[in-house]
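**Student:** Taken in order, these protein sequences are the chains called A and B. Start counting at 1 in the first sequence, then tack on 109, and there's your number in my numbering. Start counting at 1 in the second sequence, then tack on 109, and there's your number in my numbering. Yeah, the Cβ is synthetic: ideal placement off N, Cα and C, and Gly gets one too. Quick caveat: nothing in here was measured; it's all calculated off a predicted structure. Sharing a structure below in structure tokens format, with a few things to ask.
There are 2 protein chains.
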Amino acid sequence: MSSRRSSGLATAPLLRRHAPVFAALGDATRLALMARLCERAPCSISQLTEGTPITRQAITKHLRVLEGAGLVRGEMSGRECLFEIEPEPLDEARDYLDLVAQQWDAALVRLKAFVEK
Amino acid sequence: MSSRRSSGLATAPLLRRHAPVFAALGDATRLALMARLCERAPCSISQLTEGTPITRQAITKHLRVLEGAGLVRGEMSGRECLFEIEPEPLDEARDYLDLVAQQWDAALVRLKAFVEK
DNA sequence: ATTATTTGCAACAAAATGGTTGCATGTTTT
DNA sequence: AAAACATGCAACCATTTTGTTGCAAATAAT
């Protein structure tokens, strides 16, 4: 086994699992929604719309994106839909960033060793 | 001070600093580029294109996006442009995710205390 | 029973994204 | 000097994203 490719990290399933999470977080409006859901526990769509310059429907769409990435979960309760943060994918994203940073550090060490040899 | 808003985290400058980083990571092709740059130290555009199903120009665009987010830095060396990972924004992104997760945990604790009271 | 709230759905428009091709330019290599 | 290689630039196309408006339906409040 010569390895070097398929070192994990760049493997297709991994990428397709993490990319959507980062994509969902890659928007100021959605990051703000996440932050808001961090502060006050379950929030309805109307509450989350309150204070923003954009429409309820726009907020709804953003929430669906977050939900699609698994970062958030909404449940109907009477006439309102209450949203909460789902911590797991967030943790996984963090772990992935850890791995990348860690692997990059290792690469730096290897590079330095190579130069000095 | 009643605080509750502007608890950090949801503050506009914060969002606008982190969102582009997550957006840049939110694409399988770009994540793969990051992973590849982790394994082998500096890489030219042609090297990075090698093995992918898409064009050099597409790869170039992705690299510019990563560079725009500060995740990567390219420098001309003769006729080729060598790219390297820039670890700082990666760390900041990780820290931000930490904060969100941490704040969410705190919210859960508060909620639980409230329910039990 | 009415009225007010909260949401969902659908159609639409504008802008951003991801990708292509073709060509020009600069740098090695032979 | 000529050929090969690596990149940059610009135009273009298709698709997705981000936001809108208008209307219908369900639930809660009066």
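Is the segment 126 to 139 of chain B touching the segment 166 to 183 of chain B in the sense that three or more CB pairs, one from each, lie closer than 8 Å?
**Tutor:** Yes: the two stretches touch, three or more of their Cβ pairs being nearer than 8 Å.
**Student:** Along chain B, in chain order, which residues have C-beta atoms closer than 7 Å to that of H127 (chain A)?
**Tutor:** L140, listed in chain order.
**Student:** Starting from the C-beta of V174 (chain B), find all residues in its chain whose C-beta is less than 7 Å away, skip the five residues before and the five after it, and write them out in chain order.
**Tutor:** Counting only Cβ-Cβ distances below 7 Å, and skipping sequence neighbours, we find A133, R139.
**Student:** Between B:L118, B:C147, B:G135, which has its C-alpha nearest Q195 (chain B)'s C-alpha?
**Tutor:** Correcting the residue type first, residue 195 (chain B) is Glu in the shown sequence and not Gln. Taking only the C-alpha atoms, the option nearest E195 (chain B) is B:C147.
**Student:** Rounded to whole angstroms, how far is the Cβ of R203 (chain A) from the Cβ of D207 (chain B), which I believe are closer than 8 Å?
**Tutor:** Yes, they are in contact, since the Cβ atoms of R203 (chain A) and D207 (chain B) sit about 6 Å apart, within 8 Å.
**Student:** Do you know how far the Cα of R149 (chain B) is from the Cα of R219 (chain A)?
**Tutor:** C-alpha separation (whole angstroms): 10 Å.
**Student:** At the 8 Å Cβ level, is R173 (chain A) part of the contact set with chain B, yes or no?
**Tutor:** Not an interface residue.
**Student:** Who pairs with E189 (chain A) in a beta bridge, going by DSSP?
**Tutor:** BP columns for E189 (chain A) point to A:S186.
**Student:** Note down, one range per segment and in chain order, each alpha helix (DSSP H) of at least 4 residues found wholly within the segment 118 to 194 of chain A.
**Tutor:** Qualifying alpha helix (DSSP H) stretches, in chain order: 121 to 134, 137 to 148, 154 to 158, 165 to 177.
**Student:** Could you list which residues in chain A have their beta carbon closer than 7 Å to that of F131 (chain B), in chain order?
**Tutor:** What F131 (chain B) touches in chain A: F131, L134, G135.
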